[in-house]
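Visitor: Sharing a structure below in structure tokens format, with a few things to ask.
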Amino acid sequence: MDGEGHVRDTMIGVVVSILSKKLPARAVIGYALSDGRIKISARSADKSIDLNEILKIACESAGGIGGGHEEAAGGLIPLDRKDHFEKKLIELL
1 MDGEGHVRDT MIGVVVSILS KKLPARAVIG YALSDGRIKI SARSADKSID LNEILKIACE
61 SAGGIGGGHE EAAGGLIPLD RKDHFEKKLI ELL
């Protein structure tokens, strides 16, 4: 879910949590702008997905930081590295 410019960075986790309970998706990932960077929030109830590990690897590969818990994780990446992050994320999922 691309909330950049529409959802505040302080609310992206709440929005992603709500969507993850309503959508039949393995994982829900959301973005928001945060001080010139992209804040990422992810949720999943699928036990085969470890969002902590996936977000850590994908964010770090894009020059940012990430992590959290198996079912809920997040991160921050540079604004111009979203495409790189998404490619790595899809590879890991």
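Here the sequence shown is numbered in the numbering used here, starting from 1 and rising by one per residue.
Even glycine gets a Cβ: it sits at the ideal position worked out from N, Cα and C.
1. From D46 to P24, what distance separates their C-alpha atoms?
2. In angstroms, rounded to a whole number, what distance separates the CA positions of G5 and K56?
3. Indicate whether R81 and G64 have their beta-carbon atoms separated by less than 8 Å.
4. Spatial neighbours of T10 within its chain, please: CB distance less than 7 Å, with the 5 preceding and 5 following residues excluded, ordered by chain position.
5. If I measure Cβ to Cβ from S20 and keep anything under 6 Å in the same chain, skipping five residues before and after, which residues do I get?
Guide: Quick look at the numbers:
1. Here residue 46 is taken as the residue at index 46 of the sequence shown, counted from 1. Here residue 24 is taken as the residue at index 24 of the sequence shown, counted from 1. Rounded to the nearest angstrom, the two C-alpha atoms are 11 Å apart.
2. Position 5 of the sequence shown holds residue 5. Position 56 of the sequence shown holds residue 56. Cα to Cα, the separation comes out at about 24 Å.
3. One-based indexing of the sequence shown puts residue 81 at position 81. One-based indexing of the sequence shown puts residue 64 at position 64. Result yes, Cβ atoms of R81 and G64 sit closer than 8 Å.
4. For this step, residue 10 is matched to residue 10 along the sequence shown. Once the five neighbours on either side are set aside, T10 has no close Cβ partner at all.
5. Sequence index remark: in the sequence shown, residue 20 carries index 20 (1-based). V28, R43.
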